[in-house]
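**Student:**
Protein chains: 2
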Amino acid sequence: MRKGEGANKGGNLKEIVLHLLKQRIDQPVSGGELAAKLVVSRTAVWKAVNALRAEGYLITGTPRRGYQLSSHSDLILPGEIKAGLSTAVLGRRVEYRVKVTSTNTLARQLAEEGAEEGTVVLAEEQTAGRGRRGSTWFSPPRQGIWLSVLLRPQLSPLWAPYFTMAAALAALRAVQQAAGPEVPAGIKWPNDLLLRGRKVGGVLCEVAAEPDLLRYVVAGIGINVRQAEEDFPPALRAHSTSLFRETGRLCLRAPVIRQLLRELEDLYLRLKQGRQEEVRALYSSHCLTLGQEVEVRREGGAEPLSGRAEAIGSDGALLIRTAEGRSLPVYAGEVSLRRPGGGYA
Amino acid sequence: MRKGEGANKGGNLKEIVLHLLKQRIDQPVSGGELAAKLVVSRTAVWKAVNALRAEGYLITGTPRRGYQLSSHSDLILPGEIKAGLSTAVLGRRVEYRVKVTSTNTLARQLAEEGAEEGTVVLAEEQTAGRGRRGSTWFSPPRQGIWLSVLLRPQLSPLWAPYFTMAAALAALRAVQQAAGPEVPAGIKWPNDLLLRGRKVGGVLCEVAAEPDLLRYVVAGIGINVRQAEEDFPPALRAHSTSLFRETGRLCLRAPVIRQLLRELEDLYLRLKQGRQEEVRALYSSHCLTLGQEVEVRREGGAEPLSGRAEAIGSDGALLIRTAEGRSLPVYAGEVSLRRPGGGYA
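Sequence lines, in order, name chains D and P.
Per the numbering used here, residue 317 is the first one in the first sequence, and the count goes up by one each step.
Per the numbering used here, residue 317 is the first one in the second sequence, and the count goes up by one each step.
1) Quick check: Asn420 (chain D) and Ser464 (chain D), are their CB atoms within less than 8 angstroms of each other?
2) Would Cys603 (chain P) count as contacting chain D if we go by Cβ distances under 8 angstroms?
3) Cβ of Thr480 (chain D) less than 8 angstroms from any chain P Cβ?
4) The beta strand (DSSP E) spanning Glu609 (chain D) covers which residue range?
5) Between which residues of its own chain and Arg408 (chain D) is the CB-CB distance below 6 angstroms, once the five residues before and five after are set aside?
6) Counting contacts by CB-CB distance shorter than 8 angstroms, is Pro527 (chain D) in contact with chain P?
7) Classify Pro506 (chain P) as buried or exposed, calling it buried when 16 or more other Cβ atoms lie within 10 Å of its own Cβ.
8) Need the endpoints of the beta strand (DSSP E) that Val414 (chain D) sits in, please.
9) Just checking: is the beta-carbon of Glu522 (chain P) within a distance shorter than 8 angstroms of some beta-carbon in chain D?
10) Taking only three categories from DSSP, how would you classify Gly395 (chain D)?
11) Which runs of the beta strand (DSSP E) at least 3 residues long sit entirely within the segment 547–615 of chain D? Give them in chain order.
12) Just reading off the alpha helix (DSSP H) that Gly348 (chain P) is part of, what are its end residues?
13) Helix or strand or just coil, what does DSSP make of Asn328 (chain P)?
14) Between the alpha carbons of Gly460 (chain D) and Gln608 (chain D), how many angstroms are there, rounded?
15) Name, please, each residue of chain P whose Cβ falls closer than 8 angstroms to the Cβ of Leu474 (chain D).
16) I'd like to know whether the C-beta of Arg596 (chain D) is nearer than 8 angstroms to at least one C-beta of chain P.
17) So, helix, strand or coil for Trp475 (chain D), using DSSP?
18) Can you pull the chain D residues whose beta carbon is under 9 angstroms from the beta carbon of Glu619 (chain P), in chain order?
19) What is the residue span of the alpha helix (DSSP H) that Ala265 (chain D) lies within?
20) Using C-beta distances below 7 angstroms, list every residue in its chain close to Leu520 (chain D), excluding the 5 sequence neighbours before and after it, in chain order.
21) Going by Cα to Cα distance, which pick from D:Ser402, D:Gly400, D:Glu396 is closest to Glu411 (chain D)?
22) Evaluate Asp528 (chain D) with the Cβ neighbour count: other Cβ atoms within 10 Å of its Cβ, from every protein chain shown; 16 or more gives buried, anything less gives exposed.
23) Can we say the segment 359–376 of chain D touches the segment 532–551 of chain D, given the rule of at least three CB pairs closer than 8 angstroms?
24) Nearest chain P C-beta to Arg565 (chain D) closer than 8 angstroms, yes or no?
25) Report the CB separation of Ser643 (chain P) from Leu635 (chain P) in whole angstroms; it is logged as a contact under 8 angstroms.
26) Listed from N- to C-terminal order along the chain, which residues in the segment 426–447 of chain D have their beta-carbon within a distance smaller than 7 angstroms of any beta-carbon of chain P?
27) Under 8 angstroms by Cβ, that's how I've got Ala494 (chain D) and Val572 (chain D) pegged, so tell me the actual separation to the nearest angstrom.
28) Is Thr443 (chain P) helix, strand or coil when you go by DSSP?
29) Give me the DSSP bridge partner(s) of Val533 (chain D).
30) Taking a contact to mean a Cβ-Cβ separation below 8 angstroms, would you say Arg613 (chain P) touches Arg624 (chain P) in this structure?
31) If you compare alpha carbons, which of D:Ser556, D:Val534, D:Leu587, D:Arg468 is closest to Val541 (chain D)?
32) Considering only residues of the same chain and omitting the five flanking positions on each side of Ala423 (chain P), which have a CB-CB separation below 6 angstroms?
33) Just how far apart, CA to CA, sit Arg569 (chain P) and Leu393 (chain P)?
34) Determine the direct distance from the alpha carbon of Lys398 (chain D) to that of Gly348 (chain D), and round the result to whole angstroms.
35) What's the C-alpha gap between Lys353 (chain P) and Trp362 (chain P)?
36) Against chain D, with Cβ distances strictly below 8 angstroms, would Gly322 (chain P) count as a contact?
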């Protein structure tokens, strides 16, 4: 057996080096030790390390001490996501970027270029992350999950609100699992994820449609993972949180992303099977807005609407029962929950 | 005054040569005559002619006879459209192509690249022109108007059906004007234009949207202009027509396009001013489907629905009154009018 061949063929060597570096993450492993263990030359190890670096892994190399994989990166590279991913469609293709304007924008571009259903766009940082109604979504480097999924359902545009419901539910389940069952989590209609009443994430679904047919849906999901209080801009601190703030633990992003993709695929299949009522029922059961006294600030200077949020309509509207007993659908607008002592927050 | 300068400065010369060639369309004008009239060199005339050719004008040049502009081209170049166009927004930018897959596809690409509102895409030929529900739209070279308009309204996606109404109305008005008031014209819900009961055109509006906001609308319009009966594929002949077939006249496309853009701008401004009820009322008054006994074939194997088409709902649905007296909204589906002798066609 010649050096550089044998048990560890070319394509595999990189993965095995990565595996060994991960076993001693944040500690150095000498090139000689790796070469001996894998029965390859030191040059072959060096090449494998460089290939891993080219993929984005943070690996330092120090003379005499060896190679060291940094845990700081909390890796979300395509290979990390795909390893152990149990979906059939979502994540078949994963596009990873260090920095994007917004993952939704890149996903839309890929969609227009014909990207396949299930394409996932992941970024470490969004420079222009977006929420509803043109608001910005604070997306600092490596601090959260900024992700978009491309779907191509053969459904009517009337179904568009169900994709917001499905994305919010999938993200909520992944957040709940990461935070643990003791941390109260839920959805604020239509698209905010709350942990202990503060915003930990949100979804923004964008659609491209003909009158009878959705051409594609881009489901954008943002989840705050590692931010400490002081990492948020002052204006956001009171109402924003992260998994770290609520649990005191730094969780890795890749398993959260994998679960999120599994949950979203499950809900998406239900929509494609005409089981949208299940999705609406699940969404309703996790929607913290329902049953509350709310005030809705509407666009265009219309009077704010207040009443009791009763249900989610089959068209995605929030149904409000006013003091006069009328049921009014709300399709857009900023919803505040009534404070126990009076007033709205 | 030196030759090549003077009254006709560089930029102008091309337009003046074009003007003179148009005055004797399909007849030769000698280069010497043009040079003498414009007080420029023959070389300057030759350069202007070549610049016009580069823009797509069909100009033949024969030794001793001169230059001849062909009427065959029925020009729809950007300059032709913009000359005399009285709109403020629509047509600020005109993208002309000899051949595209579909003008809607190109318009969507331009929209994603940030093209400004009012951008118009025109093509001589579509190789994959589309109608509703994935059907193809036969779009042979130079025989019709294949056009898309990019709009960026700051409106909710709930308004999407109004853009189909506005585009159908604008196209109908342009067709009615070109055909003359004696030719009966109208709209078959939702997006077909009929002349004497046969399809002369159609519209396909595509939208890109967030849950609360239309990011853009691409209004695609196709109008059959010059086709004779034998120009249509056999399968389309019975139900398709063109302005030429119904009037016996070959009309020029540019004035029809200009009127269409004027009408669409007028209707678009009404939508932006919240006057959507006017658009719905106008659409309803030209909708030939209303008041008819119809049968609607629906997707997914559901039973066909029959009844009397009563109105257009505020959400764009066709409201059908069934024999049992129920009013049912139809959002998608193929509508047939009941034949006088029974059955549906």
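Where a beta carbon is used, it is the ideal one built from N, C-alpha and C, also for glycine.
**Tutor:** Quick look at the numbers:
1) When the beta-carbon positions are compared, Asn420 (chain D) and Ser464 (chain D) come within less than 8 angstroms of each other.
2) For Cys603 (chain P), no Cβ of chain D is located within less than 8 angstroms of the residue's own Cβ.
3) For Thr480 (chain D), a Cβ of chain P is located within less than 8 angstroms of the residue's own Cβ.
4) Under the DSSP assignment, Glu609 (chain D) falls in the beta strand (DSSP E) whose first and last residues are 609–613.
5) Closer than 6 angstroms at the Cβ level, and outside the excluded window around Arg408 (chain D), lie Gly434.
6) So, interface residue.
7) Under this definition Pro506 (chain P) is a buried residue.
8) That run of the beta strand (DSSP E) goes 410–416.
9) Yes, Glu522 (chain P) counts as interfacial toward chain D.
10) Reduced to three states, the DSSP call for Gly395 (chain D) is helix.
11) You should have 609–613.
12) Taken as a continuous stretch (DSSP letters only), the alpha helix (DSSP H) holding Gly348 (chain P) covers 347–354.
13) It is helical.
14) Rounded to whole angstroms, the gap between the alpha carbons of Gly460 (chain D) and Gln608 (chain D) is 30 angstroms.
15) Correct list: Tyr647.
16) So no, Arg596 (chain D) is outside the interface.
17) In the structure shown, Trp475 (chain D) sits in a helix (DSSP, three-state: H, G or I).
18) The contacting residues do not exist; Glu619 (chain P) stays about 16 angstroms from chain D at best.
19) The structure shown has nothing for residue 265 (chain D), since chain D only spans 317 to 661.
20) Same-chain partners within the cutoff: Asn420, Arg446, Gly447, Arg448, Asn507, Gly536.
21) Nearest option by C-alpha distance: D:Glu396.
22) That one is buried.
23) No contact exists between the segment 359–376 of chain D and the segment 532–551 of chain D.
24) The beta carbon of Arg565 (chain D) sits no closer than 8 angstroms to any beta carbon of chain P.
25) Rounded to the nearest angstrom, the Cβ distance from Ser643 (chain P) to Leu635 (chain P) is 5 angstroms, consistent with a contact under 8 angstroms.
26) Listed in sequence order: Glu428.
27) Contact holds; Cβ gap of about 5 angstroms.
28) For Thr443 (chain P), the three-state secondary structure derived from DSSP is coil.
29) D:Leu467, D:Val523, per the DSSP bridge assignment.
30) Not a contact, by the Cβ cut-off of 8 angstroms.
31) Nearest C-alpha to Val541 (chain D): D:Ser556.
32) Excluding residues within five positions, the ones whose Cβ falls inside 6 angstroms are Val437, Ser464, Leu466, Val534.
33) Roughly 10 angstroms between the two C-alpha positions.
34) One C-alpha to the other measures close to 30 angstroms.
35) The straight-line gap from Cα to Cα measures roughly 14 angstroms.
36) Its pLDDT being 42, under 50, Gly322 (chain P) is placed unreliably by the model, and nothing is read from it.
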